[in-house]
Amino acid sequence: MNLQNFKYVALAEATTFLLLLASSVLKRTADFDTGVTILGPIHGLLFIAYVVMVFNLREPMAWSNKVTFWILVGAVLPFGGYVVDWWLNRNAPPAEAARA
C-alpha cells in the first residue's frame, strides 16, 4: 500500500460522494433513483477503502493523531478528498511518499 494509491482512492471517493449527492437530489426531484442505486454501493466501498488505507498509512507516513483525524474528516465532507489530495501533494516529503 502506498500514498499514491491512497490519493487515487481519495479522489475517487470524493467524486462518487459528489455524484451521489447530485443523484440524491435527482431521486427526490425527478424520481430518478438509478444513480443512487448504482453509486451508493460504489461510494460505500470507496469510503471503507479510504478509512482502511488511512490507518494502514498512518505509521509509515508518521502522521500524528491530529493529521490522521483531519484526513479522516476529509472522507465525510463534500470535496474533502480533493482537499486531502492537495494537502498531501504539498506536505508529504518525497522520500516518505516513496517509502509508504
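First residue of the sequence shown: -12, per our numbering; consecutive thereafter.
For each residue, glycine too, the CB sits at the ideal point set by N, CA and C.
Q. Which of helix, strand or coil does DSSP assign to Trp50?
A. On the sequence shown, residue 50 is found 63 positions in, with the first residue counted as 1. Coil at Trp50, not helix or strand.
*Can you give, in chain order, each stretch of the alpha helix (DSSP H) that sits fully within the region 17 to 78 and has at least 4 residues?*
The qualifying runs are 21 to 45, 52 to 60 and 67 to 78.
Specify the secondary structure class of Asn(-8) as computed by DSSP and reduced to three states. As a position in the sequence shown, residue -8 is number 5, starting the count at 1. Of the three classes helix, strand and coil, the one that applies to Asn(-8) here is helix, per DSSP.
When you compare the region -3 to 6 with the region 29 to 37, are there three or more beta-carbon pairs, one atom per stretch, that lie closer than 8 Å? Yes, the region -3 to 6 touches the region 29 to 37.
TODO: Let me know if Met(-12) comes out buried or exposed under the rule of 16 or more other beta-carbons within 10 Å of its beta-carbon.
DONE: Position 1 of the sequence shown holds residue -12. The residue is exposed, with fewer than 16 neighbouring Cβ atoms inside 10 Å.
Using only the alpha-carbon positions, how far apart do Ile25 and Phe56 sit? Here residue 25 is taken as the residue at index 38 of the sequence shown, counted from 1. Here residue 56 is taken as the residue at index 69 of the sequence shown, counted from 1. Put simply, the backbone Cα of Ile25 is about 29 Å away from that of Phe56.
query: What's the gap between the Cα of Gly27 and the Cα of Phe19?
result: Within the sequence shown, numbered from 1, the residue matching residue 27 stands at position 40. Within the sequence shown, numbered from 1, the residue matching residue 19 stands at position 32. The alpha-carbon separation between Gly27 and Phe19 amounts to approximately 14 Å.
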